[in-house]
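**Q** Reminder that position 98 of the sequence shown reads as 98 in UniProt numbering, one-by-one numbering, no gaps. Cβ atoms here follow ideal geometry from the backbone N, Cα and C, with glycine treated the same way.
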Amino acid sequence: MANQQPSSGNPRVDVEYRRKKSAEEMRYQIVSFALMIFLTLVAFVAVGYEGFSGWFTVPFILLLAVIQVIFQLYYFMHMSHKGHEAPALFLYSGVVVGAVTVLAFTTIIWW
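1) Buried or exposed: tyrosine 75, going by 16 or more other Cβ atoms within 10 Å of its Cβ?
2) Does the separation of the CB atoms of isoleucine 61 and alanine 43 fall below 8 Å?
3) Since I believe leucine 64 is in contact with glutamate 39 (beta carbons under 8 Å), could you give me their beta-carbon distance rounded to a whole number of angstroms?
4) Since serine 32 and phenylalanine 71 should fall inside the 8 Å C-beta cutoff, what is the C-beta to C-beta distance between them, to a whole number of angstroms?
5) Report yes if the CB atom of methionine 26 is closer than 8 Å to the CB atom of glutamine 68, and no otherwise.
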C-alpha cells in the first residue's frame, strides 16, 4: 500500500502505529460526518425560513453542497492520503472543464 509505514521489524510497534493511525482516521471521519449532518440541517433551515429570498437560498445551498463534496472526497474517499495524486488530478481537471463549460454556456445565453 502507498501510505504504509516501513516495517520496523518489531510487530508490536507496527501494530501500535496502525492502531493509532486508524483511530486518528476514524476521528476525522466522525467529525466530518457530524459537520455534514450539521450543514444539511442548516440547508433545511435556510429553505424553511420564510425571511430568506430565493436569491440568497439557492447560492447558499450550493455553497453548502460544495463544502459537503469536499468533505466527502477528502475524508470518506481518502483523497487526502498519499498515492491519490493522479485521481485527484483527473477530478480537478473535470471540475475545471465543467466550470468553464457552465461559464461559457451562461455567457453565450445571457449576452
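**A** This is what the structure gives:
1) buried
2) yes
3) Checking the displayed sequence, the identity of residue 39 turns out to be leucine instead of glutamate. The beta-carbon distance between leucine 39 and leucine 64, rounded to whole angstroms, is 5 Å. This is short enough to meet the 8 Å contact definition.
4) 5 Å
5) no
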